[in-house]
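Residue numbers (the numbering used here), protein chains in the order written: chain A, 104 to 188; chain B, 5 to 380. Don't be surprised by glycine CBs; every beta carbon is placed ideally from N, CA and C. All values derive from a computational prediction rather than experimental measurement. Below you'll find the structure, written out as structure tokens, and then a few comments.
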Amino acid sequence: VPSLFAGTPRSLRNDYHLAQAYLDKYYTRKGGHPIGEMVARGGNSMVKKIKELQAFFGLQVTGKLDQTTMDVIKRPRCGVPDVAN
Amino acid sequence: YRLFPGEPKWKKNTLTYRISKYTPSMSSADVDKAVEMALQAWSSAVPLSFVRVNSGEADIMISFETGDHGDSYPFDGPRGTLAHAFAPGEGLGGDTHFDNAEKWTMGMNGFNLFTVAAHEFGHALGLAHSTDPTALMYPTYKYQNPYGFHLPKDDVKGIQALYGPRKTFLGKPTVPHAPPHKPSIPDLCDSSSSFDAVTMLGKELLFFKDRIFWRRQVHLTAGIRPSTITSSFPQLMSNVDAAYEVAERGIAYFFKGPHYWITRGFQMQGPPRTIYDFGFPRHVQRIDAAVYLREPQKTLFFVGDEYYSYDERKRKMEKDYPKNTEEEFSGVNGQIDAAVELNGYIYFFSGPKAYKYDTEKEDVVSVLKSSSWVGC
Numbered sequence: 104v105p106s107l108f109a110g111t112p113r114s115l116r117n118d119y120h121l122a123q124a125y126l127d128k129y130y131t132r133k134g135g136h137p138i139g140e141m142v143a144r145g146g147n148s149m150v151k152k153i154k155e156l157q158a159f160f161g162l163q164v165t166g167k168l169d170q171t172t173m174d175v176i177k178r179p180r181c182g183v184p185d186v187a188n
Numbered sequence: 005y006r007l008f009p010g011e012p013k014w015k016k017n018t019l020t021y022r023i024s025k026y027t028p029s030m031s032s033a034d035v036d037k038a039v040e041m042a043l044q045a046w047s048s049a050v051p052l053s054f055v056r057v058n059s060g061e062a063d064i065m066i067s068f069e070t071g072d073h074g075d076s077y078p079f080d081g082p083r084g085t086l087a088h089a090f091a092p093g094e095g096l097g098g099d100t101h102f103d104n105a106e107k108w109t110m111g112m113n114g115f116n117l118f119t120v121a122a123h124e125f126g127h128a129l130g131l132a133h134s135t136d137p138t139a140l141m142y143p144t145y146k147y148q149n150p151y152g153f154h155l156p157k158d159d160v161k162g163i164q165a166l167y168g169p170r171k172t173f174l175g176k177p178t179v180p181h182a183p184p185h186k187p188s189i190p191d192l193c194d195s196s197s198s199f200d201a202v203t204m205l206g207k208e209l210l211f212f213k214d215r216i217f218w219r220r221q222v223h224l225t226a227g228i229r230p231s232t233i234t235s236s237f238p239q240l241m242s243n244v245d246a247a248y249e250v251a252e253r254g255i256a257y258f259f260k261g262p263h264y265w266i267t268r269g270f271q272m273q274g275p276p277r278t279i280y281d282f283g284f285p286r287h288v289q290r291i292d293a294a295v296y297l298r299e300p301q302k303t304l305f306f307v308g309d310e311y312y313s314y315d316e317r318k319r320k321m322e323k324d325y326p327k328n329t330e331e332e333f334s335g336v337n338g339q340i341d342a343a344v345e346l347n348g349y350i351y352f353f354s355g356p357k358a359y360k361y362d363t364e365k366e367d368v369v370s371v372l373k374s375s376s377w378v379g380c
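See below:
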């Protein structure tokens, strides 16, 4: 997990869970019946989704949950996913 | 802009919508208004029209929901996810849900319902999220003032990619694809109805009816042309109740329900205000007609079969009003729909008749057809 963060250890766990829920909701392709998806903690699918989010919002694509990325994740938004769904 | 995979879109031009559940954080009248304006934002760009129904199944079912509400996209409490909508299609398609845990508002002290609804209806019509930060379809919330709102370019391109552009109408926009041709104008010539409002605006005379207004020079009957109200007064949209201009101050007032707007020419000066600023009693909910009299610098407001007199210099309603219109203006029959003062005469529009009233003789000196004023 530390590899994902450029942030401070203090907010580590909360931000990680917040980010994971956000990526699951808005950057996970769920066609047809929902399928369980084993997500290795910090696995490359998480990095991949972080990069997709950063590309969508025009941020620097680092694959890390840096401050600007967390700022976007914390903004109120629409519940429709950003990836094709 | 982006479309959904498979580019789902509605195969018809008239869509029904129904607000099936409201929120405690706003009055239902305000929710209705915000929804209507949000739909209007899209129908101003494409040939779609929206009809509200109050029972049964509508194409776009709108509701305020809490937490898990049965569509496998549960809401998450305050902030976070604000709302979601489904792409065009049967059943759930087009339906739009707002998170009831949010504080919804018509203004800025909470999440502005118009802003979120306009975004969600973009989804309900077939748009996915845009990566353009200036677009309405950008995923994160950014307040938009409902009054004076214009659809950003990216969203116009996206929605017109699905439905094509809205053609300007020459007459009443009854059918979205009605070809812009002459016959829609004679509707006014034949009908027995009158105008909603009439006012001078600068050098022009403006006549309002439903969603259309006509502009003309006072002394010329040539070159009269209809426009949609939204094209020049987006906030007013349609059905203006009354209007008047205080030429010496270069400002005009437009009334709709319990609200009024001030303009300088065609430029809106700020958000709507309430008619109670003028000193109307609370039981007055709307104005039928208004006319500014240059000589005494007073404005007459017509409400039902009575009228009030407002002193523009003192900026207050005069005492001993309201008075009965027919008693004060002999020869003018029926409820006043619109009124305007020209060259010292007051023209009262009541149904298909326009009464020319001489204030010195205190009598009607001629009666014309209302529609003759727009070239019929």
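Report yes if the C-beta of residue i is less than 6 Å from at least one heavy atom of the ligand ATP; otherwise report no.
i: residue 340 of chain B; result: The ligand ATP is absent from the structure shown, which contains no ligand whatsoever.
How would you call residue i, buried or exposed, if buried means at least 16 neighbouring beta carbons within 10 angstroms?
i: residue 96 of chain B; result: exposed
i: residue 46 of chain B; result: buried
i: residue 88 of chain B; result: buried
i: residue 123 of chain B; result: buried
i: residue 183 of chain B; result: With a pLDDT of 38 at residue 183 of chain B, under the threshold of 50, the predicted position of this residue should be treated as unreliable, though the coordinate-derived value follows. Residue 183 of chain B comes out exposed.
i: residue 61 of chain B; result: exposed
i: residue 110 of chain B; result: buried
i: residue 33 of chain B; result: exposed
i: residue 333 of chain B; result: buried
i: residue 157 of chain B; result: exposed
i: residue 57 of chain B; result: exposed
i: residue 180 of chain A; result: buried
i: residue 120 of chain A; result: exposed
i: residue 278 of chain B; result: exposed
i: residue 157 of chain A; result: buried
i: residue 184 of chain A; result: buried
i: residue 267 of chain B; result: buried
i: residue 19 of chain B; result: buried
i: residue 320 of chain B; result: exposed
Cα-Cα, which of the options is closest to residue i?
i: residue 305 of chain B; options: B:342, B:54, B:48 and B:145; result: B:342
i: residue 91 of chain B; options: B:357, B:145, B:106 and B:15; result: B:15
i: residue 136 of chain B; options: B:130, B:146, B:128 and B:129; result: B:146
i: residue 138 of chain B; options: B:155, B:125 and B:273; result: B:155
i: residue 2 of chain B; options: B:48, B:220, B:320 and B:248; result: Since the first and last residues shown for chain B are 5 and 380, residue 2 of chain B lies out of range.
i: residue 132 of chain B; options: B:152, B:116 and B:161; result: B:161
i: residue 223 of chain B; options: B:240, B:217 and B:208; result: B:208
i: residue 372 of chain B; options: B:292, B:84, B:94 and B:198; result: B:198
i: residue 171 of chain B; options: B:53, B:126 and B:303; result: B:53
i: residue 99 of chain B; options: B:120, B:44 and B:128; result: B:128
i: residue 311 of chain B; options: B:338, B:317 and B:318; result: B:338
i: residue 164 of chain B; options: B:126, B:143, B:148 and B:79; result: B:126
i: residue 308 of chain B; options: B:330, B:322 and B:324; result: B:330
i: residue 116 of chain B; options: B:166, B:94, B:151 and B:93; result: B:151
Kindly indicate the opening and closing residues of the beta strand (DSSP E) around residue i.
i: residue 332 of chain B; result: Not the beta strand (DSSP E): residue 332 of chain B falls in the alpha helix (DSSP H), residues 329-332.
i: residue 116 of chain A; result: It is not in any beta strand (DSSP E) - residue 116 of chain A instead sits in the alpha helix (DSSP H) that spans 115-129.
i: residue 20 of chain B; result: 18-25
i: residue 297 of chain B; result: 293-297
Report back the beta-carbon spacing between residue i and residue j to the nearest angstrom; my notes put them in contact at under 8 Å.
i: residue 351 of chain B; j: residue 362 of chain B; result: No, residue 351 of chain B and residue 362 of chain B are not in contact; Cβ-Cβ is about 11 Å, not under 8 Å.
i: residue 24 of chain B; j: residue 66 of chain B; result: 7 Å
i: residue 5 of chain B; j: residue 141 of chain B; result: 6 Å
i: residue 206 of chain B; j: residue 269 of chain B; result: 6 Å
i: residue 237 of chain B; j: residue 294 of chain B; result: Between residue 294 of chain B and residue 237 of chain B the Cβ distance is about 16 Å, and since that is not below 8 Å, they are no contact.
i: residue 374 of chain B; j: residue 353 of chain B; result: 5 Å
Along the alpha helix (DSSP H) that carries residue i, what are the first and last residues, could you check?
i: residue 156 of chain A; result: 147-159
i: residue 176 of chain A; result: 170-176
i: residue 14 of chain B; result: Neither: residue 14 of chain B is in no alpha helix (DSSP H) and is coded neither H nor E.
Unbroken stretches of the beta strand (DSSP E), 3 residues or longer, contained in the region 98-157 of chain B: Counting only runs of at least 3 residues, the region 98-157 of chain B fully encloses the following beta strand (DSSP E) elements, listed from N- to C-terminal order: 100-103.
Inside the region 194-257 of chain B only - beta strand (DSSP E) runs reaching at least 3 residues: The region 194-257 of chain B contains these whole beta strand (DSSP E) runs: 201-205, 208-213, 216-221, 229-232 and 246-250.
Length-filtered (4 minimum) alpha helix (DSSP H) runs lying within the region 306-370 of chain B: Uninterrupted alpha helix (DSSP H) stretches at least 4 residues long and entirely within the region 306-370 of chain B occur at 329-332, given in chain order.
In chain order, each beta strand (DSSP E) run of at least 3 residues that lies wholly inside the region 55-91 of chain B: The beta strand (DSSP E) runs of length 3 or more contained entirely in the region 55-91 of chain B are, from start to end of the chain, 64-69 and 85-89.
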